[in-house]
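Per our numbering, the very first residue in the sequence shown carries number 439; after that it's consecutive.
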Amino acid sequence: MTSDQILILAVLAAVTAMFLWGRWRHDLVAMGALLVCVLTGLVPGNEAFSGFGHPAVITVACVLVLGYGLLNSGAVDVLVKRILPKSTGPAVSILALIGLAALLSAFMNNVGALALLMPVAIQMAAKLELPPGKVLMPLAFGSILGGMTTLIGTPPNLIVSEFRATTDAGVFHMFDFTPVGVSVAVLGTVFVGMIGWRLVPTRERTDTGSFDSGTYISEVRIVEGSKAVGKRLREAEQMLDEADAQVIGMIRHDVRISAPSCSHMLAEGDILVIEVEPESLATALSSLGLKLEEDMPTETEAESVAEAAQTPPIVMKETTHADAEADVKNKDKNKDKDKSKQDEILIQELVVTPRASLTGRSATDIDLRSRYGINLLAISRQGRRSIRRLRSILIQAGDVLLMQGTPEALSGFASDFGCLPLAPRDIRVPKKGQALTAVLIMAIAVGAAAFGLFPVAILFAIAVAAYIVLGIVPLRSLYTTIDWSVIVLLAAMLPVAGAVATTGTADMIARFLLDNITQGHAVLGLVTLMVVTMFLSDLVNNAATAAVMCPIGISAAAQLGVSADAFLMAIAVGASCAFLTPIGHQNNTLILGPGGFRFGDYWRLGLMLEVIVVLVSIPVILWVWPL
439 MTSDQILILA VLAAVTAMFL WGRWRHDLVA MGALLVCVLT GLVPGNEAFS
489 GFGHPAVITV ACVLVLGYGL LNSGAVDVLV KRILPKSTGP AVSILALIGL
539 AALLSAFMNN VGALALLMPV AIQMAAKLEL PPGKVLMPLA FGSILGGMTT
589 LIGTPPNLIV SEFRATTDAG VFHMFDFTPV GVSVAVLGTV FVGMIGWRLV
639 PTRERTDTGS FDSGTYISEV RIVEGSKAVG KRLREAEQML DEADAQVIGM
689 IRHDVRISAP SCSHMLAEGD ILVIEVEPES LATALSSLGL KLEEDMPTET
739 EAESVAEAAQ TPPIVMKETT HADAEADVKN KDKNKDKDKS KQDEILIQEL
789 VVTPRASLTG RSATDIDLRS RYGINLLAIS RQGRRSIRRL RSILIQAGDV
839 LLMQGTPEAL SGFASDFGCL PLAPRDIRVP KKGQALTAVL IMAIAVGAAA
889 FGLFPVAILF AIAVAAYIVL GIVPLRSLYT TIDWSVIVLL AAMLPVAGAV
939 ATTGTADMIA RFLLDNITQG HAVLGLVTLM VVTMFLSDLV NNAATAAVMC
989 PIGISAAAQL GVSADAFLMA IAVGASCAFL TPIGHQNNTL ILGPGGFRFG
1039 DYWRLGLMLE VIVVLVSIPV ILWVWPL
């Protein structure tokens, strides 16, 4: 054993120990390992930060942005509405939920898919009268399983694909992982949904102390093209039930109806007063094609527009060609300014404090729109309902206001009137047509990647640019949607993994496994490699595990004289399947608090699931990727 091999093994051992300790963030540990490798000469100085330009890292960043775009556009809300059952037993409901999570994880980051569906899971658990953990752990495992089905579903697949290129076989394509991934995901989700969730320990969630604003009272207008036009109120209420919203009043021609009849025929221009959870606001709007009343122009604004349209133009002087060009440029600049302002629009919850000067006044009283450029979208008042016009409701201490405006305007309003902002959460108002556009762009990118028209990183970067240009992802959200800890972790570990190969350490480890465990048997070597990778992934971040194990797998295949594809596929599956601990995968960590879990709660379901993964994946790998 050379000195370089001893050094890299010591670095890997230290990294594993630091990951297990958990005192330092994974990205900081990875960056520290990279710097040690550079200082000791294991990684050349000019290659230290090459990982940040690695196609796998760029693709991961793009997938995170695209996933946010699908969420922000309302496309995912539509999918949730159509797939999840309305009233079934626990097994079918959980199976449908984790099936949806697996589907979403195939085309967006599986961590993002889990974060999106966690509120849905908690609501489902409450309806089914189950502890939240009984639904959250199956959801987390389902999202992990779904990520294995495509190239972009999980970072280990991207890393494995790039390491395949070092064997002169080229990279894996978009759906090369699908035969193995789908087989594992289908059988795994069926097991978890029908049987596995019963093995989850009963725990109570530990984060019940968070602030709950309750339901909001909001006004929504029936606009042209809405699904509610020509329907009876009863039919509209049935559709709103899917978003856990209910109609508590109606306004027609400025006449307030406190208890409208279910047989009322709805028409364009009617205003429905609805009670809805803040996270379900987007779903309620999209279900019937409604529009928030405060997004509509006021009578004063409409009159101003009409007057401007009727006013004849005043010719002050003869317009030259140069003047016309200058006017066009000025208009373009103004449009750009307006667009930049629109990009900065936020939705913020503000709580009215007991000493707030806003108490006893309404949005109309303080000229909310004209003075601050802010819309009052909805109001939450615990235990009390009102069907007065939203603009005329007298605000009271303790009310939670859902406000829409620029960050500066919201901050100024909160400061002037003594309101406190609540922690931001996922409250979205989808824009009509964006969901279809977002899905179409994503489908084109995936299709082009499947046919190998361009490198995956380039295609998804173009898709991100399209999302930004079309306003699906606001420019201000471009960097905030990327989990930079994951990016730094990947970028730092890739050169370290390269050092494992260049120092001959990968060959040494592979030779040890082949000589002492598998004894030269290729299939047994494949199983051993998957089990070892799976075990390490339970203790160490899955992306880091894949980066370290890929050189070992390639070396083992070369020593056995077989194709490396099967071994790389085994590493991809093993690295993704971290089900035994809360630290191996981010999804397991995310449910730790909300599910009230302990460190040792995961193995009861996770161990059986890992056994199923091995039994299913090995035959499929040997069939699709023969040795």
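A virtual CB, placed ideally from N, CA and C, is assigned to each residue, including glycine.
Compute the Euclidean distance between the alpha carbons of residue 941 and residue 877, then round it to the nearest angstrom. Counting from 1 along the sequence shown, the entry for residue 941 is found at position 503. Counting from 1 along the sequence shown, the entry for residue 877 is found at position 439. Cα to Cα, residue 941 sits roughly 45 Å from residue 877.
Starting from the Cα of residue 1011, find the closest Cα among 458, 470 and 589 and give me that residue. In the sequence shown, residue 1011 corresponds to position 573, counting from 1. Selected option, being the one with the closest Cα: 589.
Assign residue 459 to one of two classes, buried (16 or more other C-beta atoms within 10 Å of its C-beta) or exposed (fewer than that). Taking the sequence shown and counting its residues from 1, one reaches residue 459 at position 21. It counts as exposed.
Can you tell which of 836, 812, 507 and 856 has the C-alpha that lies nearest to the C-alpha of residue 829? Along the sequence shown, read from residue 1 onward, the residue named residue 829 stands at position 391. Ranking the options by Cα distance to residue 829, first place goes to 812.
Taking residue 1058 and residue 454 to be in contact with their CB atoms under 8 Å, please state how far apart those CB atoms are, rounded to whole angstroms. Within the sequence shown, numbered from 1, the residue matching residue 1058 stands at position 620. Within the sequence shown, numbered from 1, the residue matching residue 454 stands at position 16. 30 Å between Cβ atoms; not a contact.
Residue 705 - DSSP class collapsed to helix/strand/coil: Sequence index remark: in the sequence shown, residue 705 carries index 267 (1-based). Residue 705: coil per DSSP, three-state reduction.
Provide the residue span of the alpha helix (DSSP H) that contains residue 968, from first to last. As a working mapping, residue 968 is identified with position 530 in the sequence shown. Its alpha helix (DSSP H) spans residues 960-977.
Measuring CA to CA, which of 446, 601, 462 and 538 is closest to residue 1002? What you label residue 1002 is simply residue 564 of the sequence shown in a count that begins at 1. When each option's Cα is compared against that of residue 1002, the closest is 601.
Reduced DSSP category for residue 818 - H, G, I as helix; E, B as strand; rest coil: Numbered from its first residue, the sequence shown carries residue 818 at position 380. DSSP places residue 818 in strand when its eight states are reduced to three.
N- and C-terminal bounds of the beta strand (DSSP E) containing residue 624: What you label residue 624 is simply residue 186 of the sequence shown in a count that begins at 1. Not the beta strand (DSSP E): residue 624 falls in the alpha helix (DSSP H), residues 616-632.
Excluding the 5 residues preceding and the 5 following residue 666 in the sequence, name in chain order all residues of the same chain whose CB lies nearer than 6 Å to its CB. Translated into positions along the sequence shown, residue 666 becomes position 228. These residues qualify, in order along the chain: 660, 674, 704 and 726.
How is residue 636 classed by DSSP in three states: helix, strand or coil? Residue 636 sits at position 198 when you count from the first residue of the sequence shown. Looking at residue 636 - three-state DSSP - the assignment turns out to be helix.
Per DSSP, the bridge partner or partners of residue 857: One-based indexing of the sequence shown puts residue 857 at position 419. Partner(s): 790.
Suppose the cutoff is 8 Å on Cβ atoms and the five residues either side in sequence are ignored; what does the same chain contact list for residue 632 look like? Mapped onto the sequence shown, residue 632 falls at position 194. Counting only Cβ-Cβ distances below 8 Å, and skipping sequence neighbours, we find 529 and 533.
Using only CA atoms, which one of 1065, 806, 634 and 526 lies nearest to residue 960? Walking along the sequence shown from the start, residue 960 turns up at place 522. Nearest C-alpha to residue 960: 1065.
Kindly indicate which three-state DSSP category residue 690 falls into: helix, strand or coil? The count along the sequence shown starts at 1 and reaches residue 690 at position 252. In the structure shown, residue 690 sits in a strand (DSSP, three-state: E or B).
Take the Cβ of residue 1047 as the centre, count every other Cβ of all protein chains shown within 10 Å, and call the residue buried at 16 or more, exposed below. As a first step, residue 1047 must be located in the sequence shown, where it is residue number 609. Per the 10 Å Cβ criterion, buried.
Give a yes or no on whether the C-beta atoms belonging to residue 599 and residue 610 are separated by under 7 Å. Taking the first residue of the sequence shown as 1, we reach residue 599 at position 161. Taking the first residue of the sequence shown as 1, we reach residue 610 at position 172. Cβ atoms of residue 599 and residue 610: closer than 7 Å.
Cα separation between residue 508 and residue 542? The residue given as residue 508 occupies position 70 in the sequence shown. The residue given as residue 542 occupies position 104 in the sequence shown. Distance between the alpha carbons of residue 508 and residue 542 is about 10 Å.
Enclosing beta strand (DSSP E) for residue 467 [first to last residue]: Position 29 of the sequence shown, counted from the start, is the residue given in the question as residue 467. Premise fails: residue 467 lies in the alpha helix (DSSP H), 464-477, not in any beta strand (DSSP E).
Ordered list of beta strand (DSSP E) runs contained in the segment 984-1032, each at least 3 residues: none
Would you say residue 1043 and residue 498 are within 7 Å of each other, going by their C-beta atoms? Looking up residue 1043 in the sequence shown gives position 605. Looking up residue 498 in the sequence shown gives position 60. Cβ distance not < 7 Å, so residue 1043 and residue 498 don't count as in contact.
Outcome for residue 440 when other beta-carbon atoms lying within 10 angstroms are tallied against a minimum of 16: As a first step, residue 440 is located in the sequence shown; it is residue number 2 there, counting from the start. Counting Cβ neighbours within 10 Å, residue 440 comes out exposed, since fewer than 16 surround it.
Considering only the alpha carbon of each residue, which of 816, 1008, 892 and 690 lies closest to residue 800? Locating residue 800 in the sequence shown gives position 362, where the first residue counts as 1. Out of 816, 1008, 892 and 690, 816 has the C-alpha closest to the C-alpha of residue 800.
Cα separation between residue 875 and residue 912? One-based indexing of the sequence shown puts residue 875 at position 437. One-based indexing of the sequence shown puts residue 912 at position 474. Rounded to the nearest angstrom, the two C-alpha atoms are 15 Å apart.
Helix, strand or coil, according to DSSP, for residue 799 in the structure here? Counted from its first residue, the sequence shown places residue 799 at position 361. Coil, per DSSP.
Could you check if residue 832 is buried or exposed, using at least 16 other CB atoms within 10 Å of its CB as the buried criterion? The residue labelled residue 832 in the question sits at position 394 within the sequence shown. With fewer than 16 other Cβ atoms within 10 Å, it is exposed.
Can residue 790 and residue 835 be called in contact, C-beta distance under 7 Å? Taking the first residue of the sequence shown as position 1, residue 790 is located at position 352. Taking the first residue of the sequence shown as position 1, residue 835 is located at position 397. Their beta carbons are under 7 Å apart, which means residue 790 touches residue 835 by this criterion.
Can you say whether residue 650 is buried or exposed, counting buried as having 16 or more other CB atoms within 10 angstroms of its CB? Taking the first residue of the sequence shown as position 1, residue 650 is located at position 212. Annotation note: pLDDT 45 at residue 650 (below 50); position unreliable, coordinate value reported separately. Exposed is the call here.
Only counting the same chain, and skipping five residues up and downstream in sequence, which positions put a Cβ closer than 7 Å to that of residue 568? The sequence position of residue 568 within the sequence shown is 130, counting from 1. These residues qualify, in order along the chain: 528.
Start and end residues, beta strand (DSSP E) containing residue 840: What you label residue 840 is simply residue 402 of the sequence shown in a count that begins at 1. From DSSP, the beta strand (DSSP E) with residue 840 extends over 838-843.
Would you say residue 982 and residue 932 are within 7 Å of each other, going by their C-beta atoms? Along the sequence shown, one-based indexing puts residue 982 at 544. Along the sequence shown, one-based indexing puts residue 932 at 494. Going by C-beta atoms, residue 982 is not nearer than 7 Å to residue 932.
For residue 1000, the nearest candidate out of 1018, 963 and 904 (CA to CA): Taking the sequence shown and counting its residues from 1, one reaches residue 1000 at position 562. The residue with the shortest Cα to Cα distance from residue 1000 is 963.
Residue 689 versus 669, 671 and 710, residue with shortest Cα-Cα distance: The residue you call residue 689 lines up with position 251 of the sequence shown. Taking only the C-alpha atoms, the option nearest residue 689 is 710.
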